[in-house]
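Mapped onto mature numbering (1 follows the signal peptide of the UniProt record, and there is no 0), the consecutive letters of the sequence shown carry residue numbers -21 to -1, 1 to 414.
No residue lacks a Cβ here, since even glycine has one placed at the ideal position from N, Cα and C.
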Amino acid sequence: MNRFDFLLIFFAILIVICSLAQFAVSTIHISTLDNDIGLDVLLRKKTTKDESDNIISEGEKSTVSTEETPKIAIFFNTFSTNDTKLSSEIINEQYKAINRQPLLAKSDIYYSRLGNSTGDFRLRRCTNLNSRKCIKLTEQAKGDELVTLVPMYDFCKENPNFTVMYIHSKGTLSQNFKNNRLRDILMKAVTSKECLDLPKDGSCDTCSTQFTYFPVPSYAGNMFTARCSYVNKLIHPQKFIQEKERVINQMKSEITMVNDSQLWLKTKLYNDTEYSFRIELMKRLNPETSSVSWLGLGRYAAEHWLASHPHVKPCHVFSLQEGNPEIIYQHSFKLGLFKDAKLTKISDEMSKEYSEKYWEWKARFVTHPWYSRDGKLYEYEKLYGAIPKADSWFYTFWSGFKINDPDWDFSSVNVENKLKDFVRWHSDQDENEKI
């Protein structure tokens, strides 16, 4: 073999090697695109972890929607323990979820910093590469959700045509698998197009994942979107706790003695609705014997606030009737089992059949009339001077509860047994309810 032949073979081998290398690079590039991983992943070997956290990939950075974008403002209540690294990672993860939604590309974020504020707040990621403003509301060592809900309420008074999103850094106080899963599904709900672009006909006032009917209308986890036009109907969040206490105390003062055969006492108030209470059961409304989270006292008032109005028109995504797992506080679930977000109006979903099935199990927790239909009607009337309209989903929901069924056991023994289960169950719940 002469030198010329050797050179031909050498160059042929070199061409083959270059072709294979180019194919491998293309394969890697396609793979990263298929997995929605941007250039930041390829660069990560050349950057420190702190530097990579500040890189926003093209897949993450939201672009402005070509459709008519609803006016949305985001209110973010953040908390950090002394483990500022963990808190920062959770908050950063929530920024990413926001930045992936085109409808939020230019939505300003109003945030509060509670607890240890020395950690990195990832302001670059908050501003989404300067496409939005990030406005600090407050920075303080102690506080609760009201420090963010009050400015949100004030914002709605000035901007009635807006939709607001309220989120908080769930899991920064108690970091565990269950809190992480709950935060993930809540963020998936409130950043969904379904919850952000609510129907123009006004049939939805609020949206989040799996609306809870009992013991109080609310959304598990208390992250939500809401129309400002509805928020403006609510009692000021700062005054809500005092109003709740006033109504409970007023109810206690308007009861009279009844005999042992009566669990409910009929009492006429200021309209044609009949309310009913029993004096022997009043002790069950004390924080010592009843769940403060169910009464809506203390910090729990913030969770009762959003759906406290009698005319609320709630909607949700990830409905149970769509085949999604049930979201239960302090219970684990698999995110992969949830279907795509689909907006469901509670007024459309509620039926007598649904109510009857619901109360087959839940009725055992109604250990006091305050938690019954009449208790809710009393609370509505005393808080807002109104009750749900005749065609409201509220009455359909309560239609399956056998309060007037003669076969329903209201005996003292049965009530006491229910109370024991109730107190034991709620003691466990209150013990586990951490931010």
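Under the rule that a run must span 3 or more residues, the beta strand (DSSP E) segments found entirely inside the segment 121 to 187 read 142 to 147. Residue pairing from DSSP places asparagine 56 in a beta bridge opposite Ser91, His147.
Apart from the 5 residues on each side of it in sequence, threonine 127 sits with its Cβ closer than 6 Å to the Cβ of Phe54, Asn56, Ser91 in its chain, given in chain order.
The segment 222 to 233 and the segment 274 to 281 touch, with no fewer than 3 CB-CB distances between them shorter than 8 Å.
Between leucine 362 and the set Tyr337, Val296, Ile77, Phe219, the nearest pair of CA atoms involves Phe219. Relative to the Cα of alanine 281, the nearest Cα in the group Tyr145, Thr323, Thr60 belongs to Tyr145.
Judged by beta-carbon spacing, valine 143 lies within the 8 Å limit of alanine 52, meaning their Cβ atoms are closer than that value. Excluding five sequence positions before and after lysine 368, the CB atoms of its chain that fall closer than 7 Å to its own CB belong to His290, given in chain order.
Going by DSSP, lysine 321 is part of no beta strand (DSSP E) at all; its letter is neither H nor E. When rounded, the separation of the alpha-carbon atoms in tyrosine 337 and glycine 379 is 8 Å. Taking 4 residues as the minimum length, the alpha helix (DSSP H) runs contained wholly in the segment 297 to 377 are 325 to 328, 331 to 341, 352 to 363, 372 to 377, in order along the chain. The way I'd put it, the segment 102 to 115 does touch the segment 74 to 84; three or more beta-carbon pairs between them come closer than 8 Å.
Taking phenylalanine 203 as the centre and dropping the five residues before and after it, the same chain places the C-beta of Tyr145, Val169, Thr185, Cys186, Ser187, Leu285 closer than 7 Å to its C-beta, in chain order. Comparing alpha carbon positions, the residue from Trp372, Lys355, Lys321 closest to serine 171 is Lys321.
If you look at arginine 206, you'll find it isn't in any alpha helix (DSSP H); it sits in the beta strand (DSSP E) that goes 203 to 206. Residue pairing for glutamine 73: DSSP places it in no beta bridge. With a cutoff of 8 Å on beta-carbon distance, aspartate 176 and proline 49 are scored as near each other. By the neighbour-count definition (other C-beta atoms within 10 Å, threshold 16), alanine 120 is an exposed residue. Cβ neighbours of asparagine 95 within its own chain (closer than 7 Å, five residues either side excluded): Ser59, Thr60, Asn61, Thr63. Classified as exposed, asparagine 140 has fewer than 16 neighbouring CB atoms from the shown chains inside 10 Å of its CB.
Here the alpha carbon of tyrosine 333 sits roughly 12 Å from the alpha carbon of serine 326. Ranked by Cα distance from phenylalanine 317, the first of Ile164, Lys157, Arg104, Ile69 is Ile164. Under DSSP, proline 293 shares a beta bridge with Thr185. Residue nearest to lysine 324 within the set Arg343, Leu299, Ser287, Lys313 is Leu299 (criterion: CA-CA distance).
Contact check for valine 129 against proline 216 passes: the beta carbons are separated by less than 8 Å. Separation of phenylalanine 376 and arginine 160 (C-alpha to C-alpha, rounded to the nearest whole angstrom) is 29 Å. If the five residues before and after serine 330 are omitted, its C-beta is found closer than 8 Å to the C-beta atoms of Thr375, all from its own chain and listed in chain order.
For isoleucine 306 and phenylalanine 190, the gap between their C-alpha atoms comes out near 10 Å. In this structure, the straight-line span from the alpha carbon of glutamine 229 to that of tyrosine 359 is close to 13 Å. Excluding residues up to 5 positions away in sequence, Asn211 lie with their Cβ nearer than 7 Å to the Cβ of lysine 136 in the same chain.
Leucine 213 and histidine 147 do not touch by the CB rule: their CB atoms are close to 18 Å apart, not below 8 Å. For leucine 274, the enclosing alpha helix (DSSP H) begins and ends at 271 to 274.
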